[in-house]
Each structure stands twice: as C-alpha cells, then as structure tokens.
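For the sequence shown, this note's numbering begins at 571 and goes up steadily by one.
Yeah, the Cβ is synthetic: ideal placement off N, Cα and C, and Gly gets one too.
Just so it is clear, the structure is predicted and the values come from calculations on it, not from any experiment.
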Amino acid sequence: MKRLIILITLFSTIQSCEKKEKNMIIQNPYINSKNIVEELTKQVRYYSSEKIYGFRYENFNCFIEIYINDRLCYKDFRDSKAGSSFDINHCIYKSGTQKLTYRMYPAIDGSQNVKTFAESTYLTFQLETYDLNDESADDIVYQKYKTPVIISKDENGNKTEKFIATGREYYEGSFEFEVQVPYQLKSFENAEDLRKLDSKALEAKLVSKYNVLRDVYKNKDYDNIAKTSYNSLKDQFISEYAKKETIEATWNELMTFYKDPSLEMQPIENYKMVFFADGKLVALMQATTDNRLRGNTSLWAKVNHDGGLRPLFLNSYFYIPKGKTEFEVY
C-alpha cells in the first residue's frame, strides 16, 4: 500500500510538472517587466531621414478593414462617412513592393444594418510620407487609388457611375505600392505555414494558448506579459524610430491598464480562426458584428476608464518558428 501511494504521488507530480511546463511562457526568457524598456531601446536605430509612411483615406457608405502585406493594419467600424489617415510602418518589413488589401462592408450613417452597397459607395487612398527629422517639410504624396466604378450613359449621352459592387454584401480589392525604409524587420518568412496543419488540432492548440495568455493577464504576471509583448513592440518601435522616452511612456501606459484593479479578463469564446501573413500568423478573431468588438482578437478585458467600463483589446497573434513545435506570441 505504501509503495502504491508513492507511485500515485510520483505520477501526480509528473503530471503537474508536465502541465506547468506546457503552460510556461518560453519565448524571450531574458525579458521581464523591469528591463523591457531598456531592451527595446537597444533594438532601435536612428537615421538622417526617418520616413513614416501612411495612407490618407476617405470612405463613403461603408466600414473598412485594411491589410498591409496580409496583416490587419487598420479598421474603421465606427464612421461610414469618414476622412482620416493611418501610419503603416509597423506593417512594412523592408524596402520594396508592398500590397494593400481592403475589405468593405455596407453601412450608412454608421449603421451596419444595411445589407448591400449603395451606388454612391466608394473608398479612396492616398499614399504619403512625412519625415520625423524634417518636420517643416511638406508631406510627400506618392500614389492615389479609388475603388472601381461602372460607367453608363443615358439616352442623352450623360455619363453616370456607380460602385462596382452595388447591391452586393461584401467587396475586396487590392493594389501594390513601393516604399523605401532604412530598417529591415524579420518577417515571418522563416515561420511555419500554419494552413498546412490539421485545422482542428491547430484550433484546439490555439484555444489552449489563448487561455494560458488570458491567465497571465488575469494573474497580473507582469514579467510574462513583457515576454509575450516584446516581439510586436520591438517591430513597432524599430519601424517608428522611437526614442527611449516614447518607449517608456508607452510601456508605462500599458502597465497602468494591466495593474488596474478593475481589469476583468473575458472568456475566450465566440471566435473564428483566421490566418494572416500568408498563413504564418494565426489568431482567434471576434466572431461578431458588434462594431465595438469586431476586428480584434478574442483576448480582451473590461476595465474602468474615462468614466465607464470600456473594452481593452490585448490583440495577440501566434506563429511557430521553423524548426520548432510550440507557438510564440506576436
């Protein structure tokens, strides 16, 4: 009986260790919440010309999602008639040809209850740059684009045009553009193509990893938050030529939210598995038409902010480096 108890205890200990090891954060072992600002600062280089690329856009009667190099770079599910701009350096790995893909959803006056596109729908883009080291210089415009239209003539020869996807529920288009940047990020070329894996097994593994990450935030494990935030923050700050004070201010602002006692992590549910970066990145995205949530991953929380309970999105994507078998967070 004593030997049986010892064996049971040993087996339970092994199971406990295996479970603990499976749930460990193994990436960036040297990073913690105390040194992350210093380590991020070491990665950034500075140049005589520091161009920030961006798109100025105008959308009419539609909501939009914008992908650069198959990564979600920008979204607008709030205003169906807007004119704004967004920077894209964090989605540019290196100089050369880039691809922008846009996805359009019918909407009029901010309502997603519209089923199909109106004839007047359109989306325009204008590629621009500004130089952080030459603030007095005008923005440079490189390229313009407008969604295609169908042109017709009436019996008097008067031309009219309507959006090419009039009457449809969804439209997607793309175009290429050129950039020149002084930095070069490690893209996901050396990551596994996750589309080739068994989808059910991949999704099950992904759900497990999201729940591990959810517990990291729930338990306020700041060192592991730093480890899993490092990769994406590094690319962002390198591409934006960020100074140490900017990096420090950004991290401190994030930590303010993570330390907030009102932070309430939400369950990993109502999701769909979506691939990015030509299959090298994968995420569980919110499967909802709620404009407050769509376009974000299923890792999120509620927190008291600005006078009320607000959603805090902890958007996290996963990839597997070639030669490895375990996910890393991006």
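Within the same chain, Cβ atoms closer than 7 Å to the Cβ of TYR700 are found at ILE622 and ASP709, the five residues on either side in sequence being excluded.
When the beta-carbon positions are compared, SER665 and GLN613 stay at least 7 Å from each other. Residue range 814-829 is occupied by the alpha helix (DSSP H) that includes PHE827.
Your pair TYR617 and PRO752 checks out as a contact, with CB atoms roughly 4 Å apart and the cut at 8 Å. Put simply, of GLU898, GLU725 and ASN631 the residue whose alpha carbon is nearest the alpha carbon of LYS732 is ASN631. Closest by C-alpha distance to PRO599, out of GLU698, LYS797 and THR816, is LYS797.
Looking at the backbone, the Cα of TYR828 and that of GLU705 are separated by about 34 Å. According to the DSSP secondary-structure assignment, ASP701 is paired through a beta bridge with LYS621. With a contact defined as Cβ atoms closer than 8 Å, LYS669 and SER722 miss out at about 31 Å. Between the C-alpha atoms of SER650 and ASN794 there is a straight-line separation of about 39 Å. Selection ASP763, ASN683 and ASN866 evaluated against LYS894 yields ASP763 as nearest (Cα-Cα). If you look at ILE606, you'll find it in the alpha helix (DSSP H) that goes 606-613.
Under the Cβ criterion (8 Å, minimum of three pairs), the region 821-839 counts as touching the region 871-890.
The C-beta of ASP724 has fewer than 16 other C-beta atoms within 10 Å across all chains shown, which makes the residue exposed. Rounded to the nearest whole angstrom, the CA to CA distance from ALA853 to ALA707 is 40 Å. For ILE795, the enclosing alpha helix (DSSP H) stretches over residues 792-809. Rounded to the nearest whole angstrom, the C-alpha separation of LEU863 and GLU815 is 31 Å. Here the C-alpha atom of TYR800 lies approximately 8 Å from the C-alpha atom of ILE601.
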